[in-house]
Amino acid sequence: RVIIHIDIDCFYAQVETILNPSLCGKPLGIKQKNIVVTCNYEARALGVEKLMSIKTALEKCPSLVLANGEDLKKYRDMSEKIYQILQSFSPFVEKLGLDENFIDISHKINKSPEIKPEVSGHIFEEKNSDETCACGCTDRLKEGSIIAQEMRNQLKSELGITSCAGIACNKLLAKLVGATHKPNQQTTLFSASSLNLMKSLKHPRNIPGIGSAMNRKLEVLGIDTIEKLQATDLFKLIEALGVKTANQIQQLSFGIDDSHVKITDRPKSIGAEDGFPTIKSETEVRKKLKCLLDRVWELVEKDGRRPSQVKLTVRKLHATNHSVRETRQTAIDLTTGVPSNAPLGPLSENQEKKVITTLMNLFEKVVNCDESWQVTLLGISF
DNA sequence: CTGGGGTCCT
DNA sequence: AGGACCC
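According to full-length UniProt numbering, the first sequence holds residues 1 to 382 in order.
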């Protein structure tokens, strides 16, 4: 296969700069509540990092300009435009978050090219890449790099967006190799260098698919390098992680990933949430939920499907000083009084009342009404 | 007060 | 319903 991974450079910051060009060249951070969730390269050069607190960021970089990124609408809109452009190259596009996409272009690769393609962009380990693989993948990946370049050129010319691309024979390797030259560059991995790319990650946590929980389990086993993960006896790994996960992550450690590019169709859930210092009364909860419902219903309406389930998320300030999230979900019927095929419109007053009532019932399952409680986040999802 | 979203598996 | 993972 030939898989391209496209990753937009500091996505939120680019969107903000496109919407407000006067930000261009200034150190820019995108703020959500108390956090700088991402920032542009000017800010990074001055010491600002992703997920840093606003306080620390401003200490490091007093000239930092902040844009509020709590409402994701602008980013969703740009993400959709990016997706549409990529789809014009191949139907096999999988979105990961708002700013990453995998594209499978295997079917677009010329089976017997008369002209040997050249590579566009970087090659991972250029020095020892002169071998051509007997299976023909080297030339296919070269062609892939040309297509990736065309994708990135189009994102730049039509949207003004710069991006990075990785080109490789599977999703794992495409994503990893694309991150080796940033920003606004692309890198191709020829398969002979796969193991070297994996080893260059150093730590198992750097493999997508190995998160913090699995990383802790691996550390208990004394596995703290990619090479140890590769060399660990599979039965030992199965004991700790179960057969499926053990096999999967050991394969990943060798750069093997058979997962396919899963076409992203309409979302399975649509939600909105909001965090805040603290809420202690049901009146305040009801008010917050109404506000959230307005926000989420905008998205539901645009989607067009009538929700059949609603989920409430609550983050409580626990006695132990650290917060806990709980969810409650139930069926909801929003068809009464309207033909079930009628297009979804704005929430009627009856519907709003019904949803809020349902959510408050769910809320009472989460909080113990007798005891005092503090809620620091509410979320609604359909 | 470590965002505001999502997906899939158990 | 929760927990893992991703951004």
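Backbone N, C-alpha and C fix where the C-beta goes; we use that ideal spot for every residue, glycine too.
- As far as DSSP is concerned, M151 takes part in no beta bridge.
- For R76, the enclosing alpha helix (DSSP H) starts and ends at K73 to Q87.
- Fully enclosed alpha helix (DSSP H) runs of no fewer than 4 residues occupy 137-154 of the segment 95-176, in order along the chain.
- The shortest C-alpha to C-alpha distance from A179 to any of N40, N170, F190 and G166 is the one to G166.
- The beta carbon of L46 sits closer than 6 angstroms to those of P27 and C61, all from its chain and outside the five residues before and after it, given in chain order.
- As computed with DSSP, V375 is found in a beta bridge with I279 and K316.
- Residue state for G271 is assigned as strand, using DSSP reduced to three classes.
- Considered as a whole, the segment 172-227 harbours 194-200 and 212-220 as its complete alpha helix (DSSP H) runs of no fewer than 4 residues, in chain order.
- Contact fails between the segment 303-310 and the segment 364-379, because fewer than three Cβ pairs, one in each stretch, are under 8 angstroms apart.
- Here the C-alpha atom of G160 lies approximately 41 angstroms from the C-alpha atom of Q351.
- Looking at the backbone, the Cα of L58 and that of L64 are separated by about 6 angstroms.
- Secondary structure of D333 (DSSP, three-state): coil.
- The count of Cβ pairs closer than 8 angstroms, one atom from the segment 279-297 and one from the segment 359-366, reaches three, so the stretches are in contact.
- For V355, the uninterrupted alpha helix (DSSP H) segment begins and ends at E349 to V366.
- Judged by DSSP secondary structure, I238 falls within the alpha helix (DSSP H) whose first and last residues are L234 to L241.
- As the crow flies, the alpha-carbon of R325 is around 23 angstroms from that of K50.
- With contacts defined as CB atoms closer than 8 angstroms, L344 and V296 fail to qualify as a contacting pair.
- About 6 angstroms separates the Cβ atoms of A246 and L234, confirming a contact at the 8 angstroms cut-off.
- CA-CA distance, M198 to T232, rounds to 16 angstroms.
- The beta carbon of L334 sits closer than 8 angstroms to the beta carbons of R306, P307, Q351, K354 and V355 from its chain, once the five residues preceding and following it are set aside; these are given in chain order.
- According to the DSSP secondary-structure assignment, C61 is paired through a beta bridge with no residue.
- In the structure shown, R305 falls within a coil segment according to DSSP collapsed to helix, strand and coil.
- Burial check for G242: the Cβ neighbour count within 10 Å stays below 16, so the residue is exposed.
- Between the alpha carbons of Q14 and V338 lies a gap of roughly 43 angstroms.
- In the DSSP assignment, N68 forms a beta bridge with K31.
- Of the candidates F11, N128 and L86, the residue whose Cα lies closest to the Cα of T264 is L86.
- Straight-line spacing of the CA atoms in E16 and C39 works out to 10 angstroms.
- Looking only at Q250, Q154, H181 and E227, the smallest Cα-Cα distance to K202 is reached by E227.
- Leaving aside the five residues that flank I105 on each side, the residues in its chain whose CB is nearer than 7 angstroms to its CB run, in chain order, V2, I4, F89, S90, G144 and I147.
- Residue range I3 to I8 is occupied by the beta strand (DSSP E) that includes I6.
- The beta carbon of E100 is closer than 6 angstroms to those of D7 in its chain, skipping five residues each way along the sequence.
- Here D139 has P113, K116, P117 and T132 as same chain residues with Cβ atoms under 8 angstroms from its own Cβ, once five neighbours each way along the sequence are excluded.
- Counting of Cβ neighbours within 10 angstroms places L19 among the exposed residues, the total staying below 16.
- By the neighbour-count criterion, in which 16 or more other beta carbons inside 10 Å mark a residue as buried, P346 falls on the exposed side.
- Secondary-structure assignment with DSSP links V324 through a beta bridge to K316.
- Under the DSSP definition of a beta bridge, V36 partners with K31 and M52.
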